[in-house]
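S.K.:
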Amino acid sequence: MHAKIKLQEIPELLDAEIIQGDAAENSIEGAYCSDLLSDVMANATEGNALITIQAHKNTVAVASLYGAPCIIICNNRPVPEDMIEAARDERIAIYRCSRNQFQVSGTLYRKMLDS
Amino acid sequence: MTAGFPLDPVTGPSRILELLYNMKVRDVMSADIKTASRHSPLRDIQILMKENSITGVPIVEGSRLVGMVSMDDIIRALEDGRIGHPAESGMSRNLIVLEDDMPLSFAISYMEKYHFGRFPVINKNRELVGIITSRDIIVHLLISINRELEQLEEQDRAPAQQALEGSLNRKWYTHKFDFEEAGKASTEIKKIMKEKRPDIPPKLLRRIAVAGYELEMNQVVHSEGGHIEFQLDADAAVIRAEDRGPGIPDLENALTEGWSTANEWVRSLGFGAGMGLPNTRRVADEFTIESDESGTRAKAIFYLYKSGEE
Chain X
862 MHAKIKLQEI PELLDAEIIQ GDAAENSIEG AYCSDLLSDV MANATEGNAL
912 ITIQAHKNTV AVASLYGAPC IIICNNRPVP EDMIEAARDE RIAIYRCSRN
962 QFQVSGTLYR KMLDS
Chain D
6 MTAGFPLDPV TGPSRILELL YNMKVRDVMS ADIKTASRHS PLRDIQILMK
56 ENSITGVPIV EGSRLVGMVS MDDIIRALED GRIGHPAESG MSRNLIVLED
106 DMPLSFAISY MEKYHFGRFP VINKNRELVG IITSRDIIVH LLISINRELE
156 QLEEQDRAPA QQALEGSLNR KWYTHKFDFE EAGKASTEIK KIMKEKRPDI
206 PPKLLRRIAV AGYELEMNQV VHSEGGHIEF QLDADAAVIR AEDRGPGIPD
256 LENALTEGWS TANEWVRSLG FGAGMGLPNT RRVADEFTIE SDESGTRAKA
306 IFYLYKSGEE
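Quick note, the sequences are listed as chains X and D, same order. With the working numbering applied, the first sequence corresponds to residues 862 to 976, in that order. With the working numbering applied, the second sequence corresponds to residues 6 to 315, in that order.
This is the structure we're talking about:
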C-alpha cells in the first residue's frame, strides 16, 4: 500500500479539527495506530501518521524520532499547550477528532485503497 | 525575578548541572532550627530572630510544622499593634515545603517560582528537619564550584587527555518522572547524526534514535535519574546510559519483551510496556548492560559503515 493521502484532506476526511497546522511534510504514507509509545518507536515507519489517544509532549518526541508527518488524536482528548508548541517546533501537524482509533484507522485505510 | 539565580537547569554547563542534581536539599539546609509554638507571642519570635540573626521561624507542634512567621509577618504585626498576640494569629499557614531528598535544583526553582526567602524542609515522615535559605544555597554552591575548579586546574596540569580526532561527546541529564524533558537526548542525538553524518542510511539513524529514546525513558520511568552520553567517532556511534539506582534486580526478565515494573500512571501515559530494553538490544549492533543497587549502566554501539543497510 503505497498510496498517499494529502495532509490537507485529513481534517475533512475524519471530521477533525486542526490543532497545529504547520507541517514539514505534505502527505502521509500509511499510518500507525497505538497508544504504547515504545511500540510506536519499534514499529511505525517514516511517513506514517500516528493515530493515538496519547496527547502529551512525549508523543511529539516519538513522532519526530520516527518521522511522522502528523499526529491524529482520537476521542477528542484534550491536547496540552506544551504538546502543541513541541509539534510546532518539530513541524508535525496535530489533528483531533471525536472518532476512536478504530474508526480513524478504518477511514484512512479505505481512502488508501481507493486512491 | 527577585531571587534570580542565574542558573539554567537545562542548558547550563554540565558540571554545574551535575552539582545541582547531585546535591540534595539536606546537604545544604541548616538543621539547627529555631522554632516556636503557636502560642508563643509574636514579640518572643521577634526577639528569637534578632538574637539568632534569622528571618523566619517555623511554628511547630511536636515535630509537625503548622506555620511560619517571617520578618514580614512581624512587621505587619508591629504596624497593627498585634505584636503581643500569639504566633498563630500572625503566621503564614499556606506553606510551600521542600523534602530533604530533593535535588538542590528543586530548591532553586522553588525560590524562583514562589519568591520566598526560605523554605522549611521536611523528611519522608513529614517531620520538620531543617530550613533552607537562598544564602545557604549560594554558599554551598560556591564551595562545590571551588572544589570543581580545583579539580579542573588539577587536570589541566596533568598531561592532556587524548581527544580523538573528529570525535564528539555530548551528555544529557535525566530526572525521575520528568517527562517534560524526556525525549530530549534522543531528539538531539538524531539531529547531531543528521548534521554530522548526513550520509548514513535512514534505517541506521532510526536504530540509533530508538536506542537513545528507550534508554532515556528507562531512566525517567525506573531510576532515580542519571545521564545519557553520546559519543560519535569516525566509524561508530555509542550511547551510554548510567543512572543512580535503584538497579534492576532481574536483568533476564527486564530483557524479556512485555515484562514491566512500571506503575499505573506511567503506563497510562503510554510508557512502561516492557519493550524498552528488548527494543534497545534488538536495534544495537552491540549491547551490554550491568546493574546493581548503585545503578544501571548500559551501552549501545552502532557501526556506521557496515555494508548492506539502506
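Beta carbons are placed, not taken as given, at the ideal position from N, Cα and C, and that holds for glycine. Please read these numbers as outputs of a predicted model, since none were measured by experiment.
For a contact defined as C-beta to C-beta under 9 Å, what are the partners of X:D883 on chain D?
M.R.: Under the 9 Å cutoff, chain D gives no residues; its nearest Cβ is about 18 Å from X:D883.
S.K.: Where does D:D204 fall in DSSP's three states?
M.R.: Here D:D204 sits in coil by DSSP.
S.K.: In the stretch 235-270 of chain D, which residue ranges form an unbroken beta strand (DSSP E) of at least 3 residues, counting only runs that do not cross its ends?
M.R.: Segments of the beta strand (DSSP E) lying fully in the stretch 235-270 of chain D: 241-248.
S.K.: Quick one, which of D:I244, D:A289 and D:G277 has its alpha-carbon nearest D:R302's?
M.R.: Of the listed residues, the one whose Cα sits closest to D:R302 is D:I244.
S.K.: Which residue comes first and which comes last in the beta strand (DSSP E) that contains X:D950?
M.R.: Premise fails: X:D950 lies in the alpha helix (DSSP H), E942 to E951, not in any beta strand (DSSP E).
S.K.: Could you give the first and the last residue of the continuous beta strand (DSSP E) run that contains D:D297?
M.R.: Unbroken beta strand (DSSP E) run through D:D297: E291 to D297.
S.K.: Which residues in chain D sit within 8 Å of X:Q915, going by Cβ to Cβ distance?
M.R.: Per Cβ cutoff of 8 Å: L274 and G275.
S.K.: Chain X beta carbons: is any one of them nearer than 8 Å to that of D:E159?
M.R.: So no, D:E159 is outside the interface.
S.K.: Among D:G188, D:E66, D:V74 and D:G67, which residue has its Cα nearest to the Cα of D:L53?
M.R.: Looking at the Cα atoms, D:V74 is the closest of the given residues.
S.K.: Measuring CA to CA, which of D:T192, D:H90, D:G231 and D:V225 is closest to D:R212?
M.R.: Among D:T192, D:H90, D:G231 and D:V225, the Cα nearest to that of D:R212 is on D:T192.
S.K.: Just to confirm, are D:G275 and X:L898 a CB contact at a threshold of 8 Å?
M.R.: Yes, Cβ-Cβ distance for D:G275 and X:L898 is below 8 Å.
S.K.: Give me, in chain order, the residues of the same chain whose beta-carbon lies closer than 6 Å to that of X:L822; leave out the 5 immediate sequence neighbours on both sides.
M.R.: Chain X is shown only over 862 to 976; residue 822 of chain X falls outside these bounds and no answer can be derived.
S.K.: Buried or exposed, going by whether 16 or more other CB atoms sit within 10 Å of the CB of D:A165?
M.R.: Low per-residue confidence applies at D:A165: pLDDT is 47, beneath 50, and the placement is therefore not dependable, though the value from the model is reported in the following sentence. Answer is exposed; the Cβ neighbour count stays below 16.
S.K.: Closest Cβ-Cβ distance between D:K195 and chain X: below 8 Å?
M.R.: Chain X contact via Cβ: present.
S.K.: Return helix, strand or coil for X:F963, following the three-state DSSP convention.
M.R.: Helix, per DSSP.
S.K.: Work out the CA separation of D:P254 and D:S265 for me, nearest whole Å.
M.R.: Each residue's alpha carbon lies about 12 Å from the other.
S.K.: Does the pairing of the stretch 918-936 of chain X with the stretch 284-301 of chain D give three or more beta-carbon distances under 8 Å?
M.R.: The stretch 918-936 of chain X is not in contact with the stretch 284-301 of chain D.
S.K.: I'd like to know if X:N936 contacts chain D, where contact means its C-beta is closer than 8 Å to some C-beta of that chain.
M.R.: Answer no: the Cβ-Cβ gap between X:N936 and chain D never drops below 8 Å.
S.K.: Suppose the cutoff is 8 Å on Cβ atoms and the five residues either side in sequence are ignored; what does the same chain contact list for D:L24 look like?
M.R.: Closer than 8 Å at Cβ, skipping near neighbours: L109, L146, S149, I150 and E153.
S.K.: Which complete alpha helix (DSSP H) runs does the stretch 877-922 of chain X hold, if anything under 4 residues is left out?
M.R.: Fully enclosed alpha helix (DSSP H) runs of 4 or longer: 898-904.
S.K.: Which ranges does the alpha helix (DSSP H) cover as unbroken runs of at least 4 residues, wholly within the stretch 115-188 of chain D, from first to last along the chain?
M.R.: Runs of the alpha helix (DSSP H) inside the stretch 115-188 of chain D: 139-162.
S.K.: At a threshold of 7 Å, does D:M116 count as lining the ligand PLP (C-beta to nearest heavy atom)?
M.R.: In the structure shown, the ligand PLP is absent, as is every other ligand, since no ligand is present at all.
S.K.: Hey, quick one: how far does the alpha helix (DSSP H) through D:K304 stretch, first residue to last?
M.R.: Looking at the DSSP string, D:K304 is not in any alpha helix (DSSP H); the run it does join, the beta strand (DSSP E), is G300 to Y308.
S.K.: Whole-angstrom Cβ separation of D:L12 and D:I113, contact assumed at under 8 Å?
M.R.: Correct: roughly 6 Å between the Cβ atoms.
S.K.: With DSSP collapsed to three states, give me the class of D:L25.
M.R.: Looking at D:L25 - three-state DSSP - the assignment turns out to be helix.
S.K.: Quick check on the DSSP output: the beta strand (DSSP E) that includes X:R957 runs from which residue to which?
M.R.: Here the beta strand (DSSP E) through X:R957 covers A954 to R957.
S.K.: Quick one: what's got a C-beta closer than 6 Å to D:L173's C-beta in the same chain, skipping five residues either side?
M.R.: Cβ neighbours of D:L173 beyond the five flanking positions: L237.
S.K.: Leaving out five residues on either side along the sequence, give the residues of the same chain with a beta carbon under 7 Å from the beta carbon of X:E957.
M.R.: Here the sequence assigns Arg to residue 957 of chain X, which means Glu is not the residue at that position. Within the same chain, X:R957 has close Cβ partners A877, E878, I880, I934, N937 and V940.
S.K.: Specify, as a first and last residue, the run of the alpha helix (DSSP H) that D:R286 falls within.
M.R.: Note, D:R286: alpha helix (DSSP H), G281 to V288.
S.K.: For a contact meaning CB atoms closer than 9 Å, what does D:P207 contact in chain X?
M.R.: The answer, in chain order, is E907 and G928.
S.K.: Closest Cβ-Cβ distance between D:F184 and chain X: below 8 Å?
M.R.: At least one chain X Cβ lies under 8 Å of D:F184.
S.K.: What does D:Y308 reach in chain X if we use C-beta pairs closer than 7 Å?
M.R.: Near D:Y308 there are no residues of chain X at all, since even the closest Cβ is about 20 Å away, more than 7 Å.
S.K.: Flag X:S976 as yes if its beta-carbon sits less than 8 Å from any beta-carbon of chain D, otherwise no.
M.R.: Answer no: the Cβ-Cβ gap between X:S976 and chain D never drops below 8 Å.
S.K.: According to a CB-to-CB cut-off of less than 7 Å, which residues of the stretch 280-292 of chain D neighbour chain X?
M.R.: Per Cβ criterion, the list reads M280, G281 and N284.
S.K.: Once the 5 residues before and after D:L103 are set aside, which same chain residues still bring their CB inside 6 Å of it?
M.R.: Once the five neighbours on either side are set aside, the close Cβ partners of D:L103 are V30, A112, F124 and V126.
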